[in-house]
Amino acid sequence: MEENTSFSKILRAFRLKKALSQEELAFRSNLDRTYISMLERGRHQPTLPTLFALAKALDIKPSAIVQLMEIEEARQAELSEDG
């Protein structure tokens with residue numbers, strides 16, 4: 717069962733924007749490729765050290781990821797209220 721979370725959407729979007737494969741992102745962040753896949757599918761949520769490692773590998777600030785997660789969560793809440 718896949719659960720697409722705000723983090724998973726954001727991680728995948730940043731990875732694709734940087735034109736990185738899951739393997740390359742895994743290498744740059746010192747994580748396993750299968751773990752990157754699970755994060756992108758919403759099967760796992762990152763720890764803070766993982767969030768920082770991914771942000772560094774993607775050349776973005778960890779706070780940028782968190783801000784985008786807040787925006788996505790608010791958008792999802794708004795959609796569920798309207799529906």
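Each number in our numbering comes from the position in the sequence shown (counting from 1) with 716 added on. Using N, Cα and C, we set each Cβ at its ideal position, and we do this for glycine too.
Range covered by the alpha helix (DSSP H) that runs through residue 738: Within the sequence shown, residue 738 is the residue found at index 22, counting from 1. Start and end: 738-745.
Going by CA-CA distance only, name the one from 765, 776, 763 that's closest to residue 731. Position 15 of the sequence shown, counting from 1, holds the residue named residue 731. The option with the nearest alpha carbon to residue 731 is 776.
Cα-Cα separation between residue 755 and residue 728, rounded to whole angstroms: By 1-based counting over the sequence shown, the position of residue 755 is 39. By 1-based counting over the sequence shown, the position of residue 728 is 12. The alpha-carbon atoms of residue 755 and residue 728 are separated by roughly 9 Å.
Work out the CA separation of residue 764 and residue 749 for me, nearest whole Å. Residue numbering aside, residue 749 sits at position 33 when the sequence shown is read from its first letter. Residue numbering aside, residue 764 sits at position 48 when the sequence shown is read from its first letter. Their Cα atoms are separated by approximately 18 Å.
Boundaries of the alpha helix (DSSP H) in which residue 792 is found, first to last residue: Locating residue 792 in the sequence shown gives position 76, where the first residue counts as 1. 778-798 is the extent of the alpha helix (DSSP H) around residue 792.
Nearest residue (CA-CA) to residue 760, options 724, 780, 798: The residue given as residue 760 occupies position 44 in the sequence shown. Comparing Cα-Cα distances from residue 760 to each of 724, 780, 798, the minimum goes to 724.
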